[in-house]
Each structure stands twice: as structure tokens, then as C-alpha cells.
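Single-structure report; data block below.
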Amino acid sequence: MGEIVIGGTAALLICAFLSPKFISFLRVREFGQHIREEGPEGHHEKAGTPTMGGIIIFMAISAPFLVLTDYNWRSVAVYGRARQPCRRCGTPIRVVRQGEQARSTYWCPRCQPARSAR
Ligand SMILES: [Zn+2]
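My numbering numbers the first residue of the sequence shown as 543 and each following residue consecutively.
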């Protein structure tokens, strides 16, 4: 729980302090919107507004996640690895088939315990 609060706060601070610099960077590099002359009159005032501002949000969320956790794609991947050792803790991966279509769910019983067992 503490990691979530720290990560969220870090993401907020990264956005608050780096967004103005990032937007300036985008303006200098001319990553702004180009409005065509035949476009609606109201759109011309948006000319030069930087696009791709979502990149800073993505980076602000990703950086704390990668720093504060030991998760990465390889360590959390369990799908299709029934009875093989968990890459994180070595416990055999379990699988259960659920529902009428027998959909499979894979999990590590040590890293991903049932909510009632936490
Ligand atoms: Zn595990």
C-alpha cells in the first residue's frame, strides 16, 4: 500500500514539475498542431499547441512503477506456465479452468495469494 502512495505522489510531482519543461521542449521541436487553412475558424487559435502531451503522463507513471517494484514483464508472466517454477519465487505456477468455456487462470500461490489468505 505504501508503494502505491509513494508511486502516485512521485507521478504527480513528475507531472507537475516536468510538464512545463516538456511542453516547452515540444514547442521548440515544433511538435505542435498544424491547422489547415480550410479548417474551422475556431481551430486556428490552436495552431502550435503541442501534441503528445500524454507521453509525460505515461513516463510519470512508468518511472515510479519500475523503480519502486521488482516487477517487470518476465517476472510477472505466468500464463501458460502451469507447474513450472514462478520466476519471482520458485513456487510452482497453478492453473484452474473456470466457467462453461473452461477458461484458464494461472497464478503463483505465494506471490498472488487469494484475497482471504492475505
Ligand atoms: Zn511467485
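By construction, the Cβ of each residue, glycine as well, lies at the ideal position given by its N, Cα and C atoms.
Listed as beta-bridge partners of Y648 by DSSP are V637. Rounded to whole angstroms, the gap between the alpha carbons of R578 and F600 is 29 Å. Judged by beta-carbon spacing, G549 lies within the 7 Å limit of L610, meaning their Cβ atoms are closer than that value. One Cα belongs to E587, the other to C653, and the distance between them is close to 52 Å. Rounded to whole angstroms, the separation of the alpha carbons of T647 and G641 is 11 Å.
Around ligand 1, the residues selected by a Cβ distance under 6 Å to any of its heavy atoms are C628, R630, C631, T633, C650, R652, C653, following chain order.
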